[in-house]
Every structure is written in structure tokens, then in C-alpha cells.
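Okay, so here's the structure we're looking at.
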Amino acid sequence: MNLGWNNISDEGAKVLANSPTLNQLRDLILDSNHIGDSGSLSLSQSRNLTNLKNLNMGDNNFKSSGESALLDLRTRNLAEKITDDKSLNLNVLYLRNKDIKALSFYQKL
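The numbering of the sequence shown is this note's numbering, which starts it at 31 and goes up by one.
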């Protein structure tokens with residue numbers, strides 16, 4: 031599902047995260063919206079992203095806590111299920127050294 035460039039805010043991300051139909055998605059593109067820390071936290075904690083293979087969250091408004099929430103891939107069970115055809119796009123996030131270090135702990139990435 032491509033929802034990029036739709037002015038989705040934290041509230042929209044929370045509604046999306048709580049949608050049970052998300053478990054049918056394989057691709058979720060949310061780049062270039064207005065999702066901040068609380069929206070990215072809601073998405074990262076969603077139990078409805080179990081079949082997600084590709085997530086694009088680039089160019090949004092979250093800062094360090096939102097980045098950290100998305101980097102905690104175990105919260106979404108994505109890291110444990112990553113295969114060669116799964117991806118996480120975090121472009122235009124200006125990741126810091128500690129964020130890169132957090133990513134390095136996931137051997138499957």
C-alpha cells in the first residue's frame with residue numbers, strides 16, 4: 031500500500047497501526063508524510079504488521095525517539111522474519127551513530 035505524500039500525521043499513523051486489515055499488507059509506503067515520534071512508535075508497536083515485507087518511512091518528522099522505535103525491529107517481529115525479499119527503508123532520517131549501532135545488532139539485516 032503506497033500512502034506516501036499524503037500528509038499523514040501521528041493521529042493517522044495511530045489509526046493505521048490499529049487497523050486489523052494491516053496484517054494483509056506486504057508493503058507499506060509512508061514516505062514524505064508528517065509522521066512524528068508518537069506515530070512511528072504506534073507503528074513500531076503494532077501487532078498488525080506481521081506479514082510486512084517492505085516498510086518505507088523515509089522523509090517524515092520523527093526524531094530520535096521515533097527512529098529508535100522503528101529501529102527496534104523486534105517489536106514488530108520483522109527482524110526475526112527477514113528474508114532476502116524483505117526491506118526496511120529509512121532514507122532521509124539522518125541516523126546518528128547510536129542508531130546505526132542499534133541496526134548492527136540484527137544479523138539478518
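Where is the CB? At the ideal position from N, CA and C, for every residue including glycine. No experiment lies behind these values; they were computed from the predicted model shown.
- Just so you know, the alpha carbons of N90 and Q54 end up roughly 24 Å apart.
- Comparing C-alpha distances from I38 to each of N48, D61, P50 shows the shortest one belongs to D61.
- Here D57 is exposed: its Cβ has fewer than 16 other Cβ atoms, across all protein chains shown, within 10 Å.
- Within its own chain, the residues whose Cβ lies closer than 6 Å to the Cβ of S76, once the five positions on either side in sequence are excluded, are A47, listed in chain order.
- The beta carbon of E41 lies closer than 8 Å to those of G69 in the same chain, with the five residues before and after it left out.
- L52 and N78 have their C-alpha atoms roughly 5 Å apart.
- Counting along the chain, L46 sits inside the alpha helix (DSSP H) bounded by residues 40-47.
- Its Cα nearest to that of L85, the residue L100 stands out among L100, S72, K44.
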